[in-house]
Structures are given as C-alpha cells and as structure tokens.
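Going by the working numbering, the sequence shown opens with residue 6, and the numbers climb by one from there. All C-beta atoms in this analysis are idealised placements derived from N, C-alpha and C, irrespective of residue type, glycine included.
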Amino acid sequence: REDGNRPGASRGILKEVLAGYLVGHVTPISILDFGGGLALEYLRLQAARLPMKNIRFCVIVTPTICRAGRTFFRFEERVNFRSTLPSAGRRINIFHAANSLHYVLDWKKFLARALSLKPELLVLPGVMAGPIPTFGSLQSYYGNRLPVWFWNEDEFISVVEGLGYDCVFRNQAEARYFGRVRDLPMSNFPRSHRLRRKCDLVFRRNTARQA
Numbered sequence: 006r007e008d009g010n011r012p013g014a015s016r017g018i019l020k021e022v023l024a025g026y027l028v029g030h031v032t033p034i035s036i037l038d039f040g041g042g043l044a045l046e047y048l049r050l051q052a053a054r055l056p057m058k059n060i061r062f063c064v065i066v067t068p069t070i071c072r073a074g075r076t077f078f079r080f081e082e083r084v085n086f087r088s089t090l091p092s093a094g095r096r097i098n099i100f101h102a103a104n105s106l107h108y109v110l111d112w113k114k115f116l117a118r119a120l121s122l123k124p125e126l127l128v129l130p131g132v133m134a135g136p137i138p139t140f141g142s143l144q145s146y147y148g149n150r151l152p153v154w155f156w157n158e159d160e161f162i163s164v165v166e167g168l169g170y171d172c173v174f175r176n177q178a179e180a181r182y183f184g185r186v187r188d189l190p191m192s193n194f195p196r197s198h199r200l201r202r203k204c205d206l207v208f209r210r211n212t213a214r215q216a
C-alpha cells in the first residue's frame with residue numbers, strides 16, 4: 006500500500022463516506038480495511054472526531070504487520086488485525102481498500118470473495134484506473150519490482166457492478182509524490198496507456214439485484 010508521505014498516496018475519502026453513513030446508524034458499524042498498514046485510517050477517523058464508540062475496525066495485512074499492529078493497539082479493543090479475509094458468513098458494513106487493489110494478482114477473484122461478505126458500501130480510494138486499456142506491469146518501488154494492475158475505469162466498474170454493486174461516486178484523485186501534487190510517473194509507457202490521476206470509487210450494494 007502507498008500511504009502517508011510515500012509517493013502516490015491520494016487523499017482518503019473514508020471519513021467523508023463514513024460521516025454520511027453514520028446518519029441513521031446507531032448499531033455497531035464494522036469496517037474492513039484491506040492493506041491498511043498499522044490502521045492509520047482508524048487514526049484519521051479519530052482525528053476527524055467522528056463518533057468512534059460504535060465502530061469496529063479490522064485491518065487485513067501481512068502477518069508481520071498484524072503482530073506490530075496488535076502490539077500498538079493492545080489497549081484499543083475496537084481495532085483488530087488479521088492476515089486473511091473473514092469467512093463468508095460474517096457481515097460487514099463497509100469494505101475499504103485504499104491504494105492497494107492494484108497489487109492483487111487475481112483481483113477479480115479477490116473482489117468476488119470480499120463482496121461475498123455483503124458489505125453495504127465498497128470504498129476504493131486511489132484506484133489505478135482511467136481512460137486506458139487494462140494491462141499489467143511491474144512497478145519499481147524503492148529497489149523492489151512489484152506486479153501491478155492498471156485498469157480501464159469503465160471496465161473495472163463493470164466488473165464490480167456485475168457482482169451486485171452500483172457505482173455511486175467516481176472522481177479523479179490527486180496523486181502526491183514527495184509532498185507535491187503531480188501526474189503519475191508513467192512517461193515510460195505509450196501515451197495510450199498513461200494515467201494522469203488515480204480515481205476514487207464508491208459502490209453501494211444493490212439489494213434488489215442480490216435478493
């Protein structure tokens with residue numbers, strides 16, 4: 006995941022989505038954050054002074070980060086860490102994945118598995134998608150080579166909608182590299198395959214289609 010002051014982080018939208026979602030919801034709200042590191046998004050929600058007592062926040066990360074997160078949040082019962090998705094029988098309210106899905110090799114299978122949890126909202130800040138063909142490549146990231154997806158935005162949305170979710174928000178996201186807003190560094194690709202910005206997407210479960 007790209008986050009904080011690392012290159013490529015887009016501004017999060019979870020706090021705005023959650024602020025609207027909290028209206029009329031008084032029962033505990035479960036948020037599943039895929040690739041959320043040390044639960045930085047939870048700390049951002051706290052800083053935004055949202056009513057946190059009814060929020061349960063679960064982060065899906067690697068086992069190493071799980072151990073670090075459990076130590077850091079050992080006195081916070083509302084936050085937990087795990088390295089795999091919960092079983093399909095568990096229901097969650099919001100599935101959140103910021104700047105992370107493009108690193109999932111079998112992304113269609115992963116989305117189908119994640120949405121089998123039937124979250125009401127799917128919140129995806131920083132999706133590597135736009136008016137380009139869908140393709141895979143390798144990302145050079147601080148000396149490492151990481152497989153990464155770039156999507157045609159309409160195609161990506163179509164896949165999610167095929168899983169029973171309606172796109173209710175789409176917007177170009179700012180890309181920050183070393184503290185400055187700038188275009189994604191893709192000058193090595195043909196012009197037809199270059200993204201200027203990532204996009205933020207929000208989907209709502211279509212209960213009529215899934216009935």
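How long is the line joining the alpha carbons of F86 and L45, rounded to whole angstroms?
12 Å
Looking at C-beta atoms only, is the number of pairs between the stretch 174-192 and the stretch 107-116 that lie closer than 8 Å three or more?
no
Taking T89 as the reference, give the member of G135, I65, S142 with the closest Cα.
I65
Kindly indicate which residue of L43, F78, R118, L106 has the alpha-carbon position closest to the one of G94.
By alpha-carbon distance to G94, the top candidate from L43, F78, R118, L106 is R118.
Under a three-way DSSP split, which group does L200 fall into?
Note: L200 maps to coil in three-state DSSP.
Here's the rule: buried if 16 or more other CB atoms are within 10 angstroms of the residue's CB, otherwise exposed. What is L151?
L151 should be labelled exposed.
Using a Cβ-Cβ cutoff of less than 8 Å, which residues in the same chain neighbour G9 once the five nearest sequence positions on both sides are dropped?
Reliability fails at G9, whose pLDDT of 34 lies under 50, so the model's placement of it is uncertain and the value that follows must be treated cautiously. L45.
Drop a sphere of 10 angstroms on the beta-carbon of L143, count the other beta-carbons inside from all chains shown, and report buried for 16 or more, exposed for fewer.
With fewer than 16 other Cβ atoms inside 10 Å of its own Cβ, L143 counts as exposed.
Would you kindly check if the distance between the Cβ of I34 and the Cβ of R61 is under 8 Å?
In contact: R61 and I34 (Cβ atoms closer than 8 Å).
Could you spell out the range, first to last residue, of the alpha helix (DSSP H) harbouring P3?
The structure shown has nothing for residue 3, since the chain only spans 6 to 216.
Compare the Cα-Cα distances from P56 to each of L27, F80, V84, N176 and report the closest residue.
L27
Could you check the C-alpha separation between L206 and A24 for me, to the nearest Å?
One C-alpha to the other measures close to 16 Å.
According to DSSP, is H225 helix, strand or coil?
Residue 225 is absent from the structure shown; the chain starts at 6 and stops at 216.
Tell me, which residues are paired with P152 by DSSP?
Bridge partners of P152: L143.
Looking only at its chain, what residues have a beta carbon closer than 8 Å to the beta carbon of S197, apart from the 5 residues adjacent to it on each side?
The answer, listed in chain order, is I137, P138.
Within 10 angstroms of its Cβ, does N98 collect 16 or more other Cβ (buried), or is it exposed?
buried
Mapping the DSSP letters down to three states, classify R209 as helix, strand or coil.
strand
Taking the DSSP output, what are the residues bridged to V132?
For V132, which the question treats as bridged, DSSP gives the partners C204.
Compute the distance between the beta-carbons of Y170 and L122, then report whether it is under 8 Å.
Not in contact: Y170 and L122 (Cβ atoms no closer than 8 Å).
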